[in-house]
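Everything on this sheet refers to the single structure shown next.
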Amino acid sequence: MATLLLAVIYIAFIGLGIPDSLFGAAWPAIYTELSLPLSAANFVTVLTSAGTILSSLLSARLIRRLGTGGVTALSTVLTAVALFAFSFSQNLVWLCACGIPLGLGAGCIDTALNNYVALHYRATHMNFLHCFYGVGVSLSPFLMSLALSAGSWRSGYRGVGWFQAAIAVLTVVTLPVWSRAGHTSPGEAVSDGGQTVGFGALLRDARVRVSCLAFFGSCSMEYACGSWGSTYLVQHRGLGADMAARTITLYYLGITAGRFAAGLLSARWPGRRLVRVGQGIVLAAIVLLLAPLPTACAGLGLFLVGFGNGPVFPNLLHLTPQLFGSERSQSVMGLQMAASYAGILLSPALFGILAQNFGTGLFGPYLLVFYALMVAGTACTLRRRR
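In the numbering used here, the protein residues as written are 94 to 479.
Below you can see the structure in the form of structure tokens.
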């Protein structure tokens, strides 16, 4: 039964990644068809991220009430419905309305599954599971690029929606597996991450605050790259929308490959080392994006940003119970996820404003700012533990 449960979690991680990369890949076609300004994407991403932050902050309580399996099933159903709704959008208000259930569904499942894996599985599984997340985020822009080649971003949303719906059905029909595995019934405090700690008390812990800075910087960079990388390639590098969507797939493949490599290396390297090596690769990638090189090098730079940053998030998550104690891990991780989604909310929105006024050529320097925040937060968090 434990093996079956692990298989369900792996597939759920694909569903976790599917919605995250779709909007950025489709946006160049969406704003053209609906005659929207470039920065209008901010309204959708802000509302989506706000919903995710809210559900992340409430995750410890929801998981206690519904159990990890229940939260996983409910969240996946919500995101599947939202993806179908996107395909029928006729204006900006409709797009914004679709972003709300998408965000609410994403926050809880992210916190629930990550904390469960951090408590019950080795770092190898955490990296491989996030590699499956990379499969989801790589699959979405690829399917969207095929739809754009055929002339319709709407069919891309519907195709991805059907894929997500199949995963939602799986998470619902396998709900009994969670209780039979004996780990996640709603009332079991130890299995679901111990006591629920108030956020005020958590924020008084300096180690919690700096760890949140690391998550904020990493996810800000990740989602700025995913949300605006395709538009950057269209406007600054001169690619067509369909080719840009295919090229940004390299970025998500980089995330997948980086997490797969980290899963293989985690048997020999501690999580701290994997994080630091990944951050070094990201720095080299940003330098590559900043250099006046051919467009193919920009594609390589995007791949390496994903490859280097990909292992940072799962390995920092897996260190959370070690750094802060398993009793507080669910509450701490909820706050870390909220910080992550604050970055997801703010960084794409801010770049949209900057790109509207100053052009997408700021893409490389913009990533560098959040890289610096990530490195500073990580260094302080790991050093304080020693």
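Heads up, the beta-carbon is just placed ideally off N, CA and C, and yes, glycines get one too.
Check	Outcome
From 122, 406 and 393, residue whose alpha carbon lies closest to that of residue 307	406
Proximity to residue 63 [Cα-Cα], best of 397, 309 and 371	Here the chain covers residues 94 to 479 and nothing more, so residue 63 does not appear.
Spatial distance of residue 474 from residue 442 (CA atoms)	27 Å
For residue 215, the first and last residue of its enclosing alpha helix (DSSP H)	Unbroken run through residue 215: none, as it is neither H nor E.
Sufficient close CB pairs (3 or more, under 8 Å) joining the stretch 264 to 275 to the stretch 421 to 440	no
Residue 392 and residue 117 closer than 8 Å at C-beta	no
Those runs of the alpha helix (DSSP H) which lie wholly inside the stretch 210 to 254 and span at least 4 residues	216 to 242
Under the three-state DSSP convention, the category residue 208 falls into	helix
Complete alpha helix (DSSP H) runs within the stretch 372 to 422 (minimum length 4 residues, chain order)	388 to 402 and 405 to 417
Whether residue 109 touches residue 301 by CB criterion (8 Å)	no
Residue 273 - DSSP class collapsed to helix/strand/coil	helix
Reference residue 371; option with closest CA among 388, 397 and 241	397
Check whether residue 402 and residue 375 have beta carbons under 8 Å apart	yes
Whether residue 355 touches residue 220 by CB criterion (8 Å)	yes
Which listed residue (201, 146, 114 and 138) has its alpha carbon closest to that of residue 155	201
Straight-line gap, residue 449 to residue 329 (C-alpha atoms, nearest Å)	13 Å
Environment of residue 139 [buried if 16+ CB atoms lie within 10 Å]	buried
Residue nearest to residue 143 in terms of C-alpha spacing, selected from 461, 469 and 431	431
Short Cβ contact (8 Å threshold) for residue 191 with residue 216	no
Residue from 101, 246, 168 and 196 whose Cα sits closest to the Cα of residue 136	196
Contact check, residue 258 vs residue 173, beta carbons under 8 Å	yes
Through-space distance from residue 433 to residue 312, alpha-carbon basis	5 Å
Distance, residue 380 Cα to residue 107 Cα	31 Å
Reference residue 378; option with closest CA among 366, 353 and 344	344
Coarse secondary structure for residue 120, derived from DSSP in three states	helix
Chain-order list of residues whose beta-carbon lies under 6 Å from that of residue 247 (same chain, five-residue window excluded)	180
Under 8 Å between C-beta atoms of residue 208 and residue 127	no
Residue 411 to residue 211 span [Cα, whole Å]	5 Å
Among 366, 315 and 457, nearest to residue 113 - alpha-carbon criterion	315
Member of 123, 198 and 165 whose CA lies at the smallest distance from the CA of residue 146	198
Inter-residue CB distance, residue 388 and residue 455 (contact presumed, cutoff 8 Å)	Residue 388 to residue 455, Cβ: 17 Å. No contact.
Reference residue 444, options 322, 346 and 421, closest by Cα	322
Residue interval of the alpha helix (DSSP H) (run including residue 135)	134 to 150
Residue burial classification, residue 71 (beta-carbon count within 10 angstroms, cutoff 16)	The displayed coordinates of the chain run from 94 to 479. Any statement about residue 71 would go beyond what the structure contains.
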